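When the letters of the sequence shown are read in order and numbered with the UniProt record's numbering, they come out as residues 1 to 495.
Down below is the structure, laid out as structure tokens.
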Amino acid sequence: MRKKLKLDDTEEVVGDNLTSLQEKEKEGHKALAKSFIHGGINPNTIKSHSFAKLMRLLNPNFCLSVSLVEKEVLEIHEECKEKAKKFLKDFQGKVTLSYEWMVLGHDWTRDHIEGPILHEDFICITAHFIDDNWKVRKWILGYTTDESVSPDDCYVYAFRNAVQGFEIENKVSTLLLPNTEGFDEETLGSFRKGIEEKGDNSITPPVFLLYCCADLFRLMVDDVFSDLSGSLLEDLRMLVGWGRCSSNNWNVWLSNLQRAVDMKNEDEFSKDQIYDDYDKPTDEEWIKIQTYCKLVGCIYKVAVELFEGGYSTSNVYFHLLAELKVMLNQELENANSDYFLHKAKVILKRFDKYWNHMFLVLATASMLDPRFKMKYLEFYCSKNQVCDGTSKAETVFEYLHNLYACYAASDICQKPIGSGVTNDSKEDDGGGEKEENHVEEQDGEEDYDEEQEEGEEGEDGYDEEEEEEEDYDEEHEEGEEDYDSDSSAAEERAA
């Protein structure tokens with residue numbers, strides 16, 4: 001006998017089904033939002049025919065909506081922002097803020113972008129810090145495209161917005177800046193002073209201004225490349241045959257122009273009749289090309305070591321930049337034309353400005369590396385091509401002395417770096433295993449260390465009892481068997 005359902009019971013069941021369906025759709029849109037965020041995919045991809053067909057095959061009943069995915073993206077952003085804000089507020093370490101100006105490429109790049117271009121450029125502010133697990137973290141705190149910002153405030157607005165939004169006025173120790181005239185102590189003075197008043201004043205200066213080395217190289221290359229006209233580059237392209245003149249990478253231009261110089265030195269353009277119908281550079285233009293290859297070649301040697309040799313530390317930067325200064329000074333001394341002499345002085349002037357700003361920071365950090373001593377710095381400072389005199393070495397020594405005195409007088413050694421990074425933040429950064437696995441690994445490491453010490457003690461005792469080579473082989477085999485049994489037991493305990 002079937003039991004009839006009441007009207008109110010039927011409505012209740014239908015309501016539950018609707019609620020469950022809505023929750024599933026929300027979970028589906030949230031999963032897509034996370035996938036799009038990690039993959040850097042535009043939510044408008046949902047509108048494409050191929051993606052819609054794929055989703056229909058996977059779940060025909062799931063109705064996709066671009067607006068709902070965008071809503072989930074913004075909700076995830078706000079959640080992550082609140083987590084980051086809470087962590088940085090409790091963080092006891094220091095934070096470096098970097099300023100990056102992201103600009104869209106030329107017209108040929110825009111042709112490859114599907115959909116409308118929302119912003120031609122924007123400013124990105126990123127926080128760099130070391131957590132309590134000694135892992136380097138890089139968190140994007142925000143970006144701005146506000147065109148209504150006044151020109152007088154354009155250099156400070158993005159920094160102030162990020163600092164006040166995350167309440168880290170007392171955490172900032174360094175500002176990483178482009179090598180632009182607007183980013184100087186005069187422009188950033190008021191903002192820097194406000195941070196220093198709320199931060200730790202035991203270190204002088206409380207907030208360092210660092211300048212990007214890669215941006216310096218770009219500007220130095222542009223100082224030489226700007227004299228090469230488009231028609232000249234087109235003539236060289238036809239002579240050498242390297243493809244389109246559309247690359248923005250100065251190392252590609254260096255390779256192509258150096259190839260043209262090598263062909264000229266080998267007199268290939270006059271030996272082969274095939275080049276008779278091509279326009280060739282004049283003598284003055286060849287001087288410009290050779291100047292570019294020589295000066296930019298010095299920069300390229302250092303750039304390869306810095307940016308392609310792995311994670312470069314401050315001592316690597318200090319050494320290679322000092323060598324670059326030596327190379328540029330040698331090229332200046334060996335100048336064989338007025339044009340080359342002029343361009344060498346231009347890029348050396350730009351480099352010296354950067355070197356004077358960064359010398360104290362790079363030299364101090366290099367001296368804190370246990371592999372380097374003050375004699376290492378004194379050696380570099382004694383070279384006239386690197387520093388003007390030994391006074392810079394004395395400045396670094398005095399700064400280190402004051403720095404140690406400030407640390408000794410403070411209780412900073414008793415403070416933890418941070419309250420710890422949660423599993424969520426580890427997953428966001430793409431690293432970190434579960435806490436249980438980490439504890440098991442530590443236990444396994446402790447067991448291994450204890451057994452290794454026991455094995456070392458056994459080897460010491462064995463060395464005292466060593467008499468003959470045959471006895472040594474027998475006891476060594478026994479020691480290997482004991483070690484294997486110990487390591488097997490350690491593996492079982494760790495598992």
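Glycine included, C-beta positions come from ideal geometry on N, C-alpha and C.
Everything numeric in this text was worked out from a predicted model, so none of it was measured.
Would you call residue i buried or exposed, if buried means 16 or more other Cβ atoms sit within 10 Å of its Cβ?
i: Arg192; result: buried
i: Asn179; result: buried
i: Pro206; result: buried
i: Asn423; result: At Asn423 the pLDDT is 41, less than 50, meaning the model places this residue with poor confidence; the figure from the coordinates comes in the next sentence. Its Cβ having fewer than 16 others within 10 Å, Asn423 is exposed.
i: Phe379; result: exposed
i: Glu469; result: Since pLDDT at Glu469 reaches only 43, below the 50 mark, its modelled position is unreliable, and the value read off the structure follows with that caveat. Flag for Glu469 reads exposed.
i: Cys63; result: exposed
i: Ser366; result: buried
i: Ala409; result: exposed
i: Pro60; result: exposed
i: Pro151; result: exposed
i: Thr141; result: A quick correction: the sequence has Leu, not Thr, at residue 141. Leu141 should be labelled buried.
i: Lys345; result: exposed
i: Ala52; result: exposed
i: Asp277; result: exposed
i: Trp108; result: Only weak support is given to the placement of Trp108: the predicted model assigns it a pLDDT of 47, under 50, and the value that follows is read from those uncertain coordinates. That one is exposed.
i: Asp262; result: exposed
i: Ala363; result: buried
i: Ile347; result: buried
i: Asp131; result: buried
Check whether the Cβ atoms of residue i and residue j lie closer than 8 Å to each other.
i: Val66; j: Phe36; result: no
i: Trp134; j: Ala84; result: no
i: Leu324; j: Gly297; result: no
i: Phe269; j: Leu228; result: no
i: Val95; j: Ala33; result: no
i: Tyr211; j: Met358; result: yes
i: Cys124; j: Glu100; result: yes
i: Trp355; j: Leu320; result: no
i: Lys171; j: Phe91; result: yes
i: Ile195; j: Glu169; result: yes
i: Phe183; j: Tyr155; result: yes
For residue i and residue j, which I take to be in contact (beta-carbon distance under 8 Å), what is that distance rounded to the nearest angstrom?
i: Leu377; j: Ala393; result: 5 Å
i: Gly93; j: Phe129; result: 6 Å
i: Ile287; j: Ala260; result: The Cβ separation is near 13 Å, so there is no contact.
i: Tyr399; j: Leu360; result: 6 Å
i: Leu219; j: Leu188; result: Wrong, their Cβ atoms sit about 19 Å apart, outside the cutoff.
i: residue 496; j: Ser98; result: No answer is possible for residue 496: it lies beyond the span of the chain, which begins at 1 and ends at 495.
i: Lys373; j: Glu331; result: Wrong, their Cβ atoms sit about 31 Å apart, outside the cutoff.
i: Phe159; j: Leu175; result: 7 Å
i: Trp242; j: Asn251; result: Not a contact, Cβ separation roughly 13 Å.
i: Thr291; j: Phe340; result: 5 Å
From residue i to residue j, what does the alpha carbon distance come to, in whole angstroms?
i: Asp235; j: Lys349; result: 31 Å
i: Val221; j: Glu186; result: 27 Å
i: Lys89; j: Thr313; result: 28 Å
i: Val299; j: Pro370; result: Note that residue 299 is Ile in the sequence shown, not Val. Rounded to the nearest angstrom, the two C-alpha atoms are 28 Å apart.
i: Val396; j: Val302; result: 24 Å
i: Glu333; j: Glu266; result: 26 Å
i: Asn249; j: Ala31; result: 38 Å
i: Ser50; j: His38; result: 20 Å
i: Ala214; j: Leu21; result: 52 Å
i: Cys381; j: Ser231; result: 45 Å
i: Leu216; j: Phe351; result: 8 Å
i: Glu82; j: Glu308; result: 36 Å
i: Val136; j: Asn315; result: 18 Å
i: Arg56; j: Val163; result: 45 Å
i: Asp279; j: Val224; result: 22 Å
i: Phe87; j: Ser148; result: 31 Å
i: Thr48; j: Glu75; result: Note on residue identity: the sequence assigns Ser, not Thr, to residue 48. If I take the Cα positions, the gap works out to 24 Å.
i: Lys24; j: Asn42; result: 22 Å
i: Lys264; j: Leu306; result: 31 Å
i: Gln258; j: Lys71; result: 52 Å
i: His77; j: Lys383; result: 52 Å
i: Thr45; j: His29; result: 13 Å
i: Glu27; j: Glu181; result: 49 Å
i: Lys343; j: Ala335; result: 10 Å
i: Tyr407; j: Gly310; result: 31 Å
Under 8 Å between C-beta atoms, does residue i make it to chain D?
i: Lys198; result: Within the model displayed, chain D is absent; a lone protein chain is all it includes.
**Asked** What are the start and end residues of each continuous alpha helix (DSSP H) run of 4 or more residues lying completely inside the UniProt domain "hAT-like transposase RNase-H fold" (310-407), in chain order?
**Response** 314-333, 338-368 and 374-382
**Contiguous beta strand (DSSP E) assignments of at least 3 residues, all confined to the stretch 169-237** = 172-177 and 208-211
**Entirely enclosed beta strand (DSSP E) segments - the stretch 16-46, minimum 3 residues** = none
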